[in-house]
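Chemist:
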Amino acid sequence: MRNELKNTAYHEAGHALIYYLLGRNIIFINANEDGTGICKVNPSFKPRYYTSNSLDEHEAEMLEWGMICLSGYASEIKMMGKKHDIRGLFEDFYLEEEEEPESDSECLIYEMEEINKIIGKKHFDIEFIIKAWDKTNEIINKPDAWDAIIMLSNKILDSENNFLWGPEVEEIFNKYDKLHL
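Just so we're aligned, residue 1 is where the sequence shown starts under full-length UniProt numbering, counting upward by one.
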């Protein structure tokens with residue numbers, strides 16, 4: 001169970017880093033021994049609820065959403081010292097009608113499908129996911145960013161109930177003056 005908890009702490013720390021860099025207000029972060037966790041932010045963000053007027057605005061919002069969704073997985077993979085071809089995670093993916101997305105990858109695909117409906121064409125696809133994956137890894141692999149993820153993960157693991165409030169998370173990230181997108 002300890003490995004699952006560590007993986008989850010890194011996963012949620014990856015999400016927290018991207019939220020922080022995007023200027024989102026982190027409410028709390030939590031990791032559980034069963035592999036579940038959450039990085040709660042306010043306001044919550046879903047691209048389909050924004051009223052973008054241009055494809056460029058949709059792309060910017062979707063890139064942010066892609067980085068948010070993929071950052072947890074990217075942090076976990078880096079912590080384990082593995083490399084991953086992101087295509088395999090998404091190639092055969094689809095949601096049944098009326099099915100609610102649960103995992104980060106399902107949430108990303110769902111938003112892509114919703115935005116594609118809004119703009120009236122299939123613009124967001126596997127190539128877009130690869131672009132978001134590459135950008136996410138570029139950020140996470142920066143020395144200060146990775147050090148901040150490690151520090152936050154350790155703090156989560158050392159905390160009571162593997163839980164930190166937002167100001168505690170921000171205090172950790174604020175120690176790294178070279179953090180940026």
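All residues carry an ideal CB built from backbone N, CA and C; glycine is no exception.
Does the Cβ of Trp65 have 16 or more other Cβ atoms within 10 Å, making it buried, or fewer, making it exposed?
Modeler: Answer is buried; the Cβ neighbour count reaches 16.
Chemist: By how many angstroms is the C-alpha of Glu138 removed from the C-alpha of Phe45?
Modeler: Each residue's alpha carbon lies about 22 Å from the other.
Chemist: Between the Cα of Leu157 and those of Asn32, Asp56, Ile27, His15, spot the shortest distance and give me the residue it belongs to.
Modeler: Taking only the C-alpha atoms, the option nearest Leu157 is Asn32.
Chemist: Output the boundary residues of the beta strand (DSSP E) element that contains Lys40.
Modeler: 37-42 is the extent of the beta strand (DSSP E) around Lys40.
Chemist: In the DSSP output, which residue or residues are listed as bridge partners for Trp165?
Modeler: Its beta-bridge partners are Phe28.
Chemist: Going by C-alpha distance, which of Trp146, Leu63, Leu181, Val41 is nearest Ile26?
Modeler: Of the candidates Trp146, Leu63, Leu181, Val41, the one whose C-alpha sits nearest the C-alpha of Ile26 is Val41.
Chemist: Would you call the stretch 150-167 and the stretch 108-120 touching, i.e. three or more CB-CB distances under 8 Å?
Modeler: No contact exists between the stretch 150-167 and the stretch 108-120.
Chemist: Which residue spans inside the stretch 122-165 form an unbroken beta strand (DSSP E) run of at least 3?
Modeler: Whole beta strand (DSSP E) segments, 3+ residues: 163-165.
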